[in-house]
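Offset between the sequence shown (1-based) and my numbering: plus 184.
Following: one structure in structure tokens, then a few remarks.
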Amino acid sequence: MTGEPLVGGPEIVELSSVPGFVVFDLPGAPESAGGTRLAPDVSTAEVALLARAMTYKFAALGAQTGGAKAGVRGDPADRAGKAVLMARFCAEIAPLAEAGRLLTGPDMGTTEEDFAPLRKYRAAPAAIGAVVDGVPFEDLLTGFGVAVAAEAALSERWGGGWIGRSVAIEGFGKVGGGVAREVTRRGGRVAAVSTVAGCLADPAGLDVERLLALRRAHGADVLGQRGIVALPDFVCNAGAVIGYRAAVDATADQVLADVEVSITDLIREALRHPSGPLAGACERAGQFLRGWWGEPPSPPYAPEG
Numbered sequence: 185m186t187g188e189p190l191v192g193g194p195e196i197v198e199l200s201s202v203p204g205f206v207v208f209d210l211p212g213a214p215e216s217a218g219g220t221r222l223a224p225d226v227s228t229a230e231v232a233l234l235a236r237a238m239t240y241k242f243a244a245l246g247a248q249t250g251g252a253k254a255g256v257r258g259d260p261a262d263r264a265g266k267a268v269l270m271a272r273f274c275a276e277i278a279p280l281a282e283a284g285r286l287l288t289g290p291d292m293g294t295t296e297e298d299f300a301p302l303r304k305y306r307a308a309p310a311a312i313g314a315v316v317d318g319v320p321f322e323d324l325l326t327g328f329g330v331a332v333a334a335e336a337a338l339s340e341r342w343g344g345g346w347i348g349r350s351v352a353i354e355g356f357g358k359v360g361g362g363v364a365r366e367v368t369r370r371g372g373r374v375a376a377v378s379t380v381a382g383c384l385a386d387p388a389g390l391d392v393e394r395l396l397a398l399r400r401a402h403g404a405d406v407l408g409q410r411g412i413v414a415l416p417d418f419v420c421n422a423g424a425v426i427g428y429r430a431a432v433d434a435t436a437d438q439v440l441a442d443v444e445v446s447i448t449d450l451i452r453e454a455l456r457h458p459s460g461p462l463a464g465a466c467e468r469a470g471q472f473l474r475g476w477w478g479e480p481p482s483p484p485y486a487p488e489g
């Protein structure tokens with residue numbers, strides 16, 4: 185399938201049943217996908233940037249799928265209110281899901297169970313609902329991929345893995361917690377975590393399970409990332425996309441193995457680009473989009489300032 189060059193910006197569909205919207209990064213794409221974010225202050229600018237990142241993520245993986253994201257304004261901590269909002273959201277976008285135009289799932293503030301009404305149109309892999317070491321698989325998956333991406337960079341540039349290495353994690357939500365678990369499982373140390381509420385640091389390594397318990401008791405924040413080698417985020421965090429595209433009967437171990445192989449290969453390829461790994465991943469995605477869709481939209485960079 186081929187497409188015409190993208191003209192103009194993304195398509196923003198305002199919702200009528202809930203305070204929210206859906207952003208389609210490639211208007212007219214036969215299939216678009218991306219998570220649904222629930223937060224009191226979620227904005228179209230924020231979600232449009234995330235939808236663009238999804239376009240590049242799918243393209244880097246070689247999938248003919250446009251990026252999309254949805255935003256619903258609400259309080260994730262208000263369970264009753266959230267249940268009403270998500271039920272209305274799912275009912276309103278059901279025609280899009282049934283037609284295959286919009287595939288969506290968890291993001292910040294939402295979980296897989298929030299999308300149960302939509303799974304009759306396309307079932308999620310069984311592994312997504314699994315619990316691994318007492319943790320929902322969906323909470324592990326993206327963080328697992330981030331840890332794998334970093335390990336691929338360590339191996340490619342410095343000839344080693346996580347053993348003897350330490351990491352500082354900025355942000356300690358679903359992804360940050362998953363990264364911390366996987367880093368320590370692979371022999372690394374979590375030396376510091378930072379949120380908007382403050383920072384904890386210990387060069388000898390923090391107790392990750394204790395941190396997760398504190399997060400459950402006191403909540404979590406959304407923060408940025410930092411690093412010397414700037415790895416492409418839309419590759420590092422592709423674990424959930426790979427997981428949701430797995431065979432329906434794939435086991436959790438099979439999904440994790442596929443995530444590890446796919447992300448490791450992509451990161452190693454990107455690291456060999458003369459202009460750096462971010463440029464390498466963007467170039468790969470751009471080439472795929474030109475062969476499928478047309479002239480690619482600009483890379484998913486946050487605006488300066």
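Backbone N, C-alpha and C define an ideal beta-carbon position, used for all residues, glycine too.
Burial state of P309 (16 or more Cβ within 10 Å): buried
Contact set for G460: own chain, Cβ-Cβ below 6 Å, skip 5 residues either direction: Taken in chain order, the list of residues that qualify is empty.
Residues that K253 bridges to, as DSSP identifies them: Partner(s): V207.
Validate contact between the segment 350-367 and the segment 385-398 using beta carbons, cut 8 Å, 3 pairs: yes
Three-state secondary structure (DSSP) of G489: Summary for G489: the model assigns pLDDT 49, below 50, so the residue's position carries little reliability; its value from the coordinates is reported in the next sentence. Assignment of G489 by DSSP, reduced to helix, strand and coil, places it in the coil class.
Proximity below 8 Å, CB of G345 to CB of G423: no
Nearest candidate by alpha-carbon position, reference R306, set L455, T326 and A283: Nearest C-alpha to R306 among L455, T326 and A283: A283.
From D391, L222, T249 and P203, residue whose alpha carbon lies closest to that of I426: T249
Distance between beta carbons of D405 and G355, contact taken as under 8 Å: 7 Å
Every unbroken alpha helix (DSSP H) within the segment 407-484, with a cutoff of 4 residues, ordered by chain: 417-420, 423-428, 436-455 and 461-476
Unbroken beta strand (DSSP E) run spanning E195, endpoints: Per DSSP, E195 is one residue of the beta strand (DSSP E) stretching across E195 to E198.
Candidates R285, A267, A278 and G265: closest to D209 by CA position: R285
Three-state secondary structure (DSSP) of T326: In the displayed model, T326 falls within a helix according to three-state DSSP.
Closest Cα partner of V359 within the set L338, L396, G343 and D391: L396
Same chain, Cβ closer than 8 Å to C466, five either side skipped, listed in chain order: Y240, P416 and P483
Alpha-carbon to alpha-carbon, L269 and R410: Low per-residue confidence applies at R410: pLDDT is 42, beneath 50, and the placement is therefore not dependable, though the value from the model is reported in the following sentence. Those two C-alpha atoms are separated by around 34 Å.
Endpoints, alpha helix (DSSP H) assigned at I353: Taken as a continuous stretch (DSSP letters only), I353 belongs to no alpha helix (DSSP H), being part of the beta strand (DSSP E) at S350 to E354.
Proximity below 8 Å, CB of E296 to CB of E276: no
Distance between L233 and Y485 (C-alpha atoms, nearest Å): 8 Å
Integer-rounded CB distance, given that P481 should sit under 8 Å from R236: 6 Å
Which listed residue (T228, D391 and A430) has its alpha carbon closest to that of L325: A430
Chain-order list of residues whose beta-carbon lies under 6 Å from that of F242 (same chain, five-residue window excluded): By the criterion of a C-beta distance shorter than 6 Å, F242 is surrounded in its chain by T249, once the five residues flanking it on both sides are discounted.
As assigned by DSSP and simplified to three states, the class of R221: strand
Beta-carbon proximity check, D291 vs R365, cutoff 8 Å: Judged by beta-carbon spacing, R365 lies beyond the 8 Å limit of D291, meaning their Cβ atoms are not closer than that value.
Terminal residues of the beta strand (DSSP E) in which G382 lies: G382 to A385
A376 - partner residues in DSSP beta bridges: A352 and A385, per the DSSP bridge assignment.
Span separating the alpha-carbon of C274 from that of R341: 45 Å
Beta-carbon separation (whole angstroms), V206 vs T228, contact threshold 8 Å: Rounded, the Cβ-Cβ distance is 10 Å, inconsistent with contact.
Distance between T379 and L407 (C-alpha atoms, nearest Å): Per-residue confidence for L407 stands at a pLDDT of 31, beneath the threshold of 50, marking its modelled position as unreliable; no derived number is given.
Those runs of the alpha helix (DSSP H) which lie wholly inside the segment 253-290 and span at least 4 residues: 263-282
Proximity winner among P214, V231 and A213, relative to E198 (alpha-carbon distances): V231
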